[in-house]
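With the working numbering, the residue at position 328 of the sequence shown is 329, and numbering never jumps.
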Amino acid sequence: MIKFARFIMALAAVAALAAAPPSFGEGKVDEARFAPVSELSVGDIEHDPEMKKSFSIWLEALHKGDEASSFAETNRMLEGMNRLGTRNLYPLSDACIALARSALTGGDAAKAVTAARYATFFAPDSAQAHFFLARAIFAKNKADVSAAGMSAFTGFKKLLTDRIQRDLFISQAALYMLLAVGTAFVITFIALFAQSHQAVLSNITSFFPAAQHGFWRPLVGAMVILAPLAVGGWQIFIISLPLFLWPCSRRGARVLMVIFAAFVLSAPYLFMNMARGAAMASADTYRSLYLLSQSTWDHDTKLALERERARNPEDTLVAFALGLLNKSRKDRPAAVEAFDAALAQDPRDIRTLINKGNAYYVAREYEDAVAMYREAMEADPQSVEAHFNLSVTFNEMLRTKDSEGEYNKANVIDPKRTQELVELTKDQEHDRKVVDFPITDADLKSYEQAAEERTMSVGASMWSVYFGAITMKTYLGITAGFIALLALSHVYWMRRVSHEVCSSCASPFLPPIKLGPELPQCNQCVAAQITKAGVSSAKKDKKRKEIRESKERRRMAAVVMDRIIPGAGRIYAHEYISGLLFSVLTSMILVYGAGFIMPDLMEREGAMTDALKLYIPFIAVAAVYWALMNTALKREFY
Numbered sequence: 002m003i004k005f006a007r008f009i010m011a012l013a014a015v016a017a018l019a020a021a022p023p024s025f026g027e028g029k030v031d032e033a034r035f036a037p038v039s040e041l042s043v044g045d046i047e048h049d050p051e052m053k054k055s056f057s058i059w060l061e062a063l064h065k066g067d068e069a070s071s072f073a074e075t076n077r078m079l080e081g082m083n084r085l086g087t088r089n090l091y092p093l094s095d096a097c098i099a100l101a102r103s104a105l106t107g108g109d110a111a112k113a114v115t116a117a118r119y120a121t122f123f124a125p126d127s128a129q130a131h132f133f134l135a136r137a138i139f140a141k142n143k144a145d146v147s148a149a150g151m152s153a154f155t156g157f158k159k160l161l162t163d164r165i166q167r168d169l170f171i172s173q174a175a176l177y178m179l180l181a182v183g184t185a186f187v188i189t190f191i192a193l194f195a196q197s198h199q200a201v202l203s204n205i206t207s208f209f210p211a212a213q214h215g216f217w218r219p220l221v222g223a224m225v226i227l228a229p230l231a232v233g234g235w236q237i238f239i240i241s242l243p244l245f246l247w248p249c250s251r252r253g254a255r256v257l258m259v260i261f262a263a264f265v266l267s268a269p270y271l272f273m274n275m276a277r278g279a280a281m282a283s284a285d286t287y288r289s290l291y292l293l294s295q296s297t298w299d300h301d302t303k304l305a306l307e308r309e310r311a312r313n314p315e316d317t318l319v320a321f322a323l324g325l326l327n328k329s330r331k332d333r334p335a336a337v338e339a340f341d342a343a344l345a346q347d348p349r350d351i352r353t354l355i356n357k358g359n360a361y362y363v364a365r366e367y368e369d370a371v372a373m374y375r376e377a378m379e380a381d382p383q384s385v386e387a388h389f390n391l392s393v394t395f396n397e398m399l400r401t402k403d404s405e406g407e408y409n410k411a412n413v414i415d416p417k418r419t420q421e422l423v424e425l426t427k428d429q430e431h432d433r434k435v436v437d438f439p440i441t442d443a444d445l446k447s448y449e450q451a452a453e454e455r456t457m458s459v460g461a462s463m464w465s466v467y468f469g470a471i472t473m474k475t476y477l478g479i480t481a482g483f484i485a486l487l488a489l490s491h492v493y494w495m496r497r498v499s500h501e502v503c504s505s506c507a508s509p510f511l512p513p514i515k516l517g518p519e520l521p522q523c524n525q526c527v528a529a530q531i532t533k534a535g536v537s538s539a540k541k542d543k544k545r546k547e548i549r550e551s552k553e554r555r556r557m558a559a560v561v562m563d564r565i566i567p568g569a570g571r572i573y574a575h576e577y578i579s580g581l582l583f584s585v586l587t588s589m590i591l592v593y594g595a596g597f598i599m600p601d602l603m604e605r606e607g608a609m610t611d612a613l614k615l616y617i618p619f620i621a622v623a624a625v626y627w628a629l630m631n632t633a634l635k636r637e638f639y
């Protein structure tokens with residue numbers, strides 16, 4: 002039963018992976034970006050002779066396919082990462098993904114799996130590394146769905162638990178869904194217009210003093226419908242379409258237009274939330290603070306904090322974070338200097354005092370560490386961490402009695418917390434026997450609030466990409482006006498005789514002849530179906546033939562539309578809700594293909610076939626979807 006559940010979970014993860022946004026599902030890293038890899042300039046590796054040597058041997062072994070040597074050097078580099086005090090080296094993981102992507106494009110799936118697996122070793126918290134490993138495993142052996150699925154599932158777990166990756170994923174996925182839903186509504190309006198274009202044109206021309214016939218009616222109608230496009234661009238044009246369609250639409254179609262109104266009204270709010278996630282995820286300083294809060298860092302973290310400190314030397318949180326990072330790197334002078342900068346702003350900050358003492362402890366300068374812990378106790382005599390760390394330091398100095406005394410003091414202050422610290426540091430190596438004060442969620446929250454201005458700037462930039470010169474404020478005004486006009490349109494057409502579409506012959510007619518709220522019919526169709534005298538049999542037979550031919554034409558149109566663009570045919574055939582749902586699924590595939598895959602393929606004109614191999618899961622999902630819509634899920638309308 003457990004094995005069966007794991008298989009289902011793995012299969013679901015593979016299906017989700019096929020629709021994942023490209024930054025996480027594709028591992029888009031160009032190997033050319035890592036040309037300096039051969040010069041060993043990946044983060045702190047160039048400053049660590051042992052790591053530098055191991056990396057050089059590892060890279061050569063990986064290119065040669067020598068798995069034994071590459072695995073041995075990987076273990077040495079992992080030991081070096083542990084010595085540097087970090088769980089992840091993201092640049093090194095990205096380099097592995099670049100190598101794996103290059104191998105996969107070249108058709109060497111085995112090498113791609115090896116490189117992708119090393120990417121997960123060097124950055125176990127990277128969702129991207131796990132996703133690419135799943136893709137490489139699937140490319141190597143399509144029957145190994147379980148291994149690929151479990152790797153993808155691990156990637157999703159990392160994605161959901163890591164705030165930076167999660168916010169960026171949500172931002173990209175939300176933008177992707179906005180584009181897909183917007184495209185689905187465009188498909189919906191095209192189908193609705195095809196369904197009732199004659200009635201729409203009749204309603205428009207009814208406003209003119211002289212009746213428009215023949216060539217003039219479609220010409221005048223087209224000019225009126227396209228006027229918003231000329232005045233306000235494609236955004237205003239799409240918003241205006243429901244105003245023309247509303248009077249001749251059935252109840253189900255009007256429900257879709259109300260959903261569309263809610264969609265366009267919520268667009269600015271969604272954009273700002275996407276911008277907030279994207280801004281914070283792409284902000285170097287915030288990323289650095291977040292990584293340190295997770296007890297990990299990379300070389301970019303250090304550079305970003307140093308840049309931010311140069312820009313804003315009075316920021317105590319940045320100075321505190323830089324001290325914490327340098328302490329992890331065992332760079333005592335740099336750590337002490339950063340902590341001193343933070344203490345200059347707040348001399349009695351207990352967290353900074355204790356962490357500064359820890360920097361001395363890691364450097365085995367125990368006398369200085371003792372002095373800092375005592376200073377921390379003066380600032381806060383009830384600090385369990387200060388007494389506990391002082392106890393550990395005395396123990397290293399072989400002052401057993403003093404060590405026991407400080408431990409007892411900590412135990413008196415808070416026995417539960419003291420026991421937690423004992424469990425936390427038990428069986429740890431020297432550098433981790435003392436307890437640090439990390440960066441907390443409260444610290445990150447305060448930084449998020451301070452970065453709100455950047456969020457607004459990113460939101461405005463994202464907005465301008467899709468809406469051009471129309472500002473968010475102007476858009477809100479236009480949207481409010483559109484909703485008001487939609488309400489006025491409903492009231493107006495309730496009081497005015499408007500054209501509707503005959504459910505039998507599809508021609509526009511004027512009410513009130515109806516057989517029901519959803520089955521309006523013109524006078525001729527009603528007359529053709531009655532049995533009473535007054536209408537000649539010849540006229541009835543002719544009209545019935547026209548009805549049959551009209552229904553057949555509409556049936557064929559709906560079938561063809563639904564085969565080519567699944568969902569459009571259902572809307573055309575008055576199946577509105579199911580039509581919208583299928584239109585959204587179709588739009589998701591179209592937007593993903595046109596927006597993300599085609600640009601990548603265009604960049605690889607010389608290796609189109611190899612590039613297509615990277616998108617086999619997506620192509621397979623799209624092909625299966627269209628096949629189902631043309632076989633098991635197809636409909637014979639009318």
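Where a beta carbon is used, it is the ideal one built from N, C-alpha and C, also for glycine.
Given the structure is predicted, the values throughout are model-derived calculations rather than measurements.
Report task. On the DSSP bridge assignment, give the partners of F483 in chain order. Result -> Beta-bridge annotation (DSSP): F483 is not paired with any residue.
Report task. Evaluate D542 with the Cβ neighbour count: other Cβ atoms within 10 Å of its Cβ, from every protein chain shown; 16 or more gives buried, anything less gives exposed. Result -> Exposed: under 16 other Cβ atoms inside 10 Å.
Requested in this report: Let me know the alpha helix (DSSP H) ranges lying completely inside the stretch 78-117, each 4 residues or longer, listed in chain order.
Outcome: 91-106, all fully within the stretch 78-117.
Query raised in the report: DSSP puts F154 in a beta bridge; with which residues?
Result: F154 is not bridged by DSSP to any residue.
Report task. Return yes when the Cβ of C506 is within less than 8 Å of the Cβ of E673, no when it is not. Result -> Only positions 2 to 639 of the chain appear in the structure, and residue 673 is not among them; the question remains open.
Query raised in the report: Do the CB positions of A360 and A343 come within less than 8 Å of each other?
Result: Between A360 and A343, the C-beta spacing is not below 8 Å.
Requested in this report: Could you have a look at E547 and say whether DSSP puts it in helix, strand or coil?
Outcome: It is helical.
Query raised in the report: Between A111 and K141, is the Cβ-Cβ spacing less than 8 Å?
Result: Closer than 8 Å, so yes.
Requested in this report: Determine the extent of the alpha helix (DSSP H) in which S499 is found, giving its start and end residues.
Outcome: Note, S499: premise wrong, no alpha helix (DSSP H); not H, not E.
Query raised in the report: How many Å lie between T75 and W59 at the Cα?
Result: Taking the straight line joining both Cα atoms gives about 7 Å.
Query raised in the report: Cβ atoms of A128 and D95: under 8 Å apart, would you say?
Result: In this structure, A128 does not lie closer than 8 Å to D95 by Cβ.
Report task. Quick one: grab the DSSP three-state call for P521. Result -> The answer is strand: DSSP assigns P521 an E or B state.
Requested in this report: Tell me whether the beta-carbon of T87 lies closer than 8 Å to the beta-carbon of S329.
Outcome: Taking a C-beta distance under 8 Å as the contact criterion, T87 and S329 qualify as a contact pair.
Requested in this report: Quick one: grab the DSSP three-state call for P125.
Outcome: Note: P125 maps to coil in three-state DSSP.
Requested in this report: Kindly indicate which residue of N356, V256, T441, R497 has the alpha-carbon position closest to the one of D653.
Outcome: Absent from the structure is residue 653, since the part of the chain shown begins at 2 and ends at 639.
Requested in this report: Using 7 Å as the cut-off, classify the Cβ of R418 as near or not near the heavy atoms of the ligand HEM, replying yes or no.
Outcome: The ligand content of the structure shown is nil, which means the ligand HEM is not present either.
Query raised in the report: G66 to D285, Cα distance in whole Å?
Result: Distance between the alpha carbons of G66 and D285: 36 Å.
Query - Neighbourhood of F468 by C-beta distance below 7 Å, restricted to the same chain and skipping five residues each side - result: The beta carbon of F468 lies closer than 7 Å to those of Q236, Y476 in the same chain, with the five residues before and after it left out.
Query - Reference E644, options M281, I165, A73, closest by Cα - result: What is shown of the chain runs 2 to 639, which leaves residue 644 out entirely.
Requested in this report: Please report how far the alpha carbon of Y493 lies from the alpha carbon of N524, in whole angstroms.
Outcome: Y493 and N524 have their alpha carbons spaced roughly 24 Å apart.
Requested in this report: Can you say whether L399 is buried or exposed, counting buried as having 16 or more other CB atoms within 10 angstroms of its CB?
Outcome: Here L399 is exposed. Its C-beta has fewer than 16 other C-beta atoms within 10 Å.
Query raised in the report: Which ranges does the alpha helix (DSSP H) cover as unbroken runs of at least 4 residues, wholly within the stretch 135-216, from first to last along the chain?
Result: Note on the stretch 135-216: whole alpha helix (DSSP H) runs with a minimum of 4 residues are 146-162, 164-206, in chain order.
Report task. Inspect the CB distances between the stretch 360-373 and the stretch 389-406 and report whether three or more fall short of 8 Å. Result -> With a cut-off of 8 Å, the stretch 389-406 and the stretch 360-373 count as touching, because enough Cβ pairs lie within range.
Report task. Out of C249, T184, V436, point me to the one whose CA is closest to L202's CA. Result -> It is C249 whose Cα lies nearest to the Cα of L202.
Query - Residues near S172 in its chain [Cβ-Cβ closer than 6 Å; skip 5 each side] - result: Taking C-beta separations shorter than 6 Å and ignoring five residues to either side along the sequence, the partners of S172 in its chain run M275, G278, A279, following chain order.
Requested in this report: Consult DSSP for T395 and reduce its assignment to one of helix, strand or coil.
Outcome: For the sequence presented, residue 395 should be read as Phe rather than Thr. Reduced to three states, the DSSP call for F395 is helix.
Query - Through-space distance from F583 to T632, alpha-carbon basis - result: Rounded to the nearest whole angstrom, the C-alpha separation of T632 and F583 is 15 Å.
Query raised in the report: Taking Cβ to Cβ, would you say A262 is nearer than 8 Å to I484?
Result: It is a contact, given that the beta carbons lie within the stated cut-off.
Query - Q295: first and last residue of the uninterrupted alpha helix (DSSP H) it sits in - result: Premise fails: Q295 is in no alpha helix (DSSP H) and is neither H nor E.
Report task. Measuring alpha carbon to alpha carbon, tell me which of L180, T441, I590, G233 ends up nearest A470. Result -> Of L180, T441, I590, G233, the residue nearest in Cα terms is G233.
Report task. May I have a chain-ordered list of the alpha helix (DSSP H) segments no shorter than 4 residues that lie completely inside the stretch 406-494? Result -> Runs of the alpha helix (DSSP H) inside the stretch 406-494: 416-426, 442-451, 453-468.
Query - Continuous alpha helix (DSSP H) assignments of at least 4 residues falling wholly in the stretch 292-340 - result: Entirely contained in the stretch 292-340, the alpha helix (DSSP H) runs reaching 4 residues are, in chain order, 300-312, 317-329.
Requested in this report: Compute the Euclidean distance between the alpha carbons of L326 and A336, then round it to the nearest angstrom.
Outcome: Those two C-alpha atoms are separated by around 7 Å.
Requested in this report: Report, in whole angstroms, the separation of the C-beta atoms of L306 and L292, which I expect to be a contact under 8 Å.
Outcome: A Cβ-Cβ separation of about 10 Å leaves L306 out of contact with L292 under the 8 Å criterion.
Query raised in the report: At which residues does the alpha helix (DSSP H) containing W247 begin and terminate?
Result: Run containing W247: none; DSSP gives neither H nor E here.
Query raised in the report: Looking at the structure shown, is P269 part of a helix, part of a strand, or coil, going by DSSP?
Result: Residue state for P269 is assigned as helix, using DSSP reduced to three classes.
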